[in-house]
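Numbering (full-length UniProt numbering), first residue to last: 1 to 530. Following: one structure in structure tokens, then a few remarks.
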Amino acid sequence: MTVGGKLKKKKKRKKKPKSIWRIMTSLRTVFSEFMEDLHSALNARGLTVTILPEKGRSLFTTRNFRPGEEIISQEPYVCVPNNSPVEFRCDRCFASINLKKCSACKVAWYCSSMCQRSEWKLHRLECDALARLDKGRHKSVTPSIRLMIKLFIRRKLQSEKVIPMAATDNYKLVEELIDHMSGIDEKQLVLYAQMGTLVNLILQWPEMNVKEIAVNFSKLACNAHTICDSELRPLGTGLYPVISIINHSCLPNAVLVFEGRSAVVRAVQHIPPGAEVSISYIETAGSTMTRQKTLKENYLFTCTCSRCVKAQEDEIKESAILEGYRCTNDQCAGFLLRNSDDTGFTCQQCGLVRSKEDIKNIASQIKSISDEASTSMSSQNYAEALFMHEKVEKLQKILCHPYSISLMQTREKLLKISMELENWTKALTYCKLTISVYQKLYPGIHPLLGLQFYTCGKLEWLVVHQDVSFTSPSLLLLGHTEDSLKSYTKAFDILRITHGTNSSFMKELLQKLEEARAEASYKRSSIDDE
């Protein structure tokens, strides 16, 4: 058709682009459904997620929880054992005996064919990727790298419906975790980028990018948990996205322990409806300043719990007792504060001044001997290490406040070395010295205090049964047996709340308790008959 002698061009209809709003609406719908499923799963347990302005997502109760009651448990979304060149663990159950290396990748270890079969769907893709890797790069495949590889493999398998998803087991929970990327320094960002490049090289998936991997490394740094055995010895690392919703407190109302790979949170006190559930992210034995420093460096936040928000005077006193020096008057239990002219430290109870030079001199000796002790320990020369640490303890008793954490840590080392040497009497002496400090550092119900009572009970029992010089029940042996019974009882009273009563560890403790009770009863009746 022509108009004015010119050919009229037919107007091309513009292709309608996919509506960004439709995409956003679809994503919102998926996210909404995901949140509804999560809330339903938590509501069934008497829990709900609330957003707090200063904390973000937080876990709150909707019913009463009594001390020792399980609040929530979760299997890891991904986990990995803390393998090293000298120590290996099963990828599935973290056992350290009867291990066989995966013949293909030469990285994963398994204790049985059952564990290997259980992990095969997840390990198959990892195995193929690691088998392609140059042998020279195998040393670079650290537990953190493997954890990230497993994270992306699990996401892939769930998206392809090879393995199932659930409201509390899906990658969307990982996406919702905080990453703190904006607060990370450049050096750490470069490290994450390098680690991301290695993961990308191993998997070789075109849909992945280094930035996404780096962000996930930041999430792991803030949200992954150290998996421990019942005696709180580290075994591996795991990501538990629902457990990660729980915020930190230096005076928590709940505790996180592990039963195998499962993370279990139990109440350590009565928690009423409408209360926030809190656990401790860090070792709480330290001054407020030390705890805040650790939290800032590792989790990039400042704690505002009741233990941290206190009068400056109380905070100074706490630091001086836990990390400061003792008065030169042996009869005085006062704490020392630095003089205004910085020439020494003055006891706040009796007024005696301790010179800066005196403190510096003793501290220097402690440092020198501690270095020698570390060398002896690394070469497993336990007798020499014991001798060196005893010298350190002697100097620390002169320098440090009786409730000093440094002194307590030295005594913990002496306890462990004495146990290695099977010197039960000496080990018991150091164990008892630590308990009074534990009771101050871990008020109320705390697994570390319960475990220290458990160790004390075992040592008191061993002291009784190593002494073969007595052929008949005596008051001395009865005293040790009854001490063991008391320690086991105190341990059980604490650990039944923190650990529950169904684990093999707790059943073993209960058995020891009953054995000590029966022997004490027998010895009492035997002495009465004499």
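Glycine is no exception: its CB is placed at the ideal position from the N, C-alpha and C atoms.
Residues near residue i by beta carbon distance below 7 Å, same chain, minus five either side
i: Glu519; result: Thr481
i: Ile97; result: Cys111
i: Leu27; result: Because Leu27 carries a pLDDT of 43, less than 50, the predicted location of this residue cannot be relied on, and the following value inherits that uncertainty. Counting only Cβ-Cβ distances below 7 Å, and skipping sequence neighbours, we find nothing.
i: Phe335; result: Lys317, Ala320, Ile321, Gly324, Gln348, His401
Nonlocal neighbours in the same chain, by C-beta distance under 6 Å from residue i, ignoring five residues either side
i: Cys305; result: Ser249, Cys250, Leu251
i: Lys219; result: Leu177, Asp179
i: Phe94; result: Pro81, Leu235, Gly236
i: Lys55; result: Asn247
Extent of the continuous beta strand (DSSP E) to which residue i belongs
i: Gly136; result: First-last for Gly136: undefined, no H or E at that position.
i: Pro164; result: Pro164 -> no beta strand (DSSP E), and no H or E assigned at all.
i: Val80; result: 78 to 81
i: His225; result: 225 to 228
i: Thr50; result: 47 to 52
Straight-line gap, residue i to residue j (C-alpha atoms, nearest Å)
i: Ser503; j: Ser73; result: 14 Å
i: Leu510; j: Ser487; result: 12 Å
i: Ser469; j: Leu421; result: With a pLDDT of 48 at Ser469, under the threshold of 50, the predicted position of this residue should be treated as unreliable, and no value is reported.
i: Val49; j: Arg57; result: 6 Å
i: Val80; j: Lys172; result: 21 Å
i: Asn361; j: Gly444; result: 38 Å
i: Val210; j: Val78; result: 20 Å
i: Tyr240; j: Lys187; result: 27 Å
i: Leu415; j: Ser113; result: 39 Å
i: Asp342; j: Arg354; result: 11 Å
i: Thr288; j: Ser278; result: 18 Å
i: Lys150; j: Gly260; result: 19 Å
i: Lys12; j: Pro206; result: Confidence is the limiting factor: at Lys12 the pLDDT is only 49, short of 50, which leaves the residue's position unreliable, though a coordinate-based value still follows. If I take the Cα positions, the gap works out to 36 Å.
i: Thr168; j: Tyr325; result: 49 Å
i: Cys332; j: Leu485; result: 34 Å
i: Lys432; j: Cys347; result: 27 Å
i: Pro67; j: Asp91; result: 33 Å
i: residue 538; j: Leu133; result: Residue 538 is absent from the model: the chain starts at 1 and stops at 530.
i: Glu319; j: Cys308; result: Looking at the sequence shown, residue 319 is not Glu but Ser. Ser319 and Cys308: Cα-Cα distance of roughly 12 Å.
i: Ile153; j: Ile359; result: 55 Å
i: Leu189; j: Ala214; result: 8 Å
i: Ser370; j: Thr290; result: 22 Å
i: Pro212; j: Ile145; result: One detail in the question is off: residue 212 reads as Glu in this sequence, not Pro. Taking the straight line joining both Cα atoms gives about 14 Å.
As assigned by DSSP and simplified to three states, the class of residue i
i: His248; result: strand
i: Trp109; result: strand
i: Cys115; result: helix
i: Tyr522; result: helix
i: Thr346; result: strand
i: Glu70; result: strand
i: Ser355; result: strand
i: Ala104; result: coil
i: Phe453; result: helix
i: Ala254; result: strand
Range of the contiguous alpha helix (DSSP H) that encloses residue i
i: residue 609; result: Outside the displayed span of the chain (1 to 530) sits residue 609, for which this structure offers no information.
i: Ile184; result: No alpha helix (DSSP H) holds Ile184; DSSP gives it neither H nor E.
i: Leu433; result: 424 to 441
i: Phe387; result: 382 to 399
i: Ser418; result: 405 to 420
i: Ala320; result: 312 to 323
i: Arg291; result: 288 to 299
Proximity below 8 Å, CB of residue i to CB of residue j
i: Ala254; j: Val268; result: yes
i: Phe60; j: Ser230; result: no
i: Thr328; j: Leu352; result: yes
i: Ile246; j: Val265; result: yes
i: Leu449; j: Gln439; result: yes
i: Asn64; j: Pro273; result: yes
i: Arg137; j: Trp109; result: no
i: Pro447; j: Leu232; result: yes
i: Leu395; j: Gln365; result: yes
Beta-carbon proximity list for residue i, same chain, < 8 Å, skipping 5 on both sides
i: Ala516; result: Gly457, Trp461, Thr481, Ser484, Leu485, Tyr488
i: Phe453; result: Ile435, Ser487, Tyr488, Lys490, Ala491, Ile494
i: Trp424; result: Ser418, Leu459, Leu462, Val463, Gln466
i: Lys121; result: Leu157, Val162, Ile163
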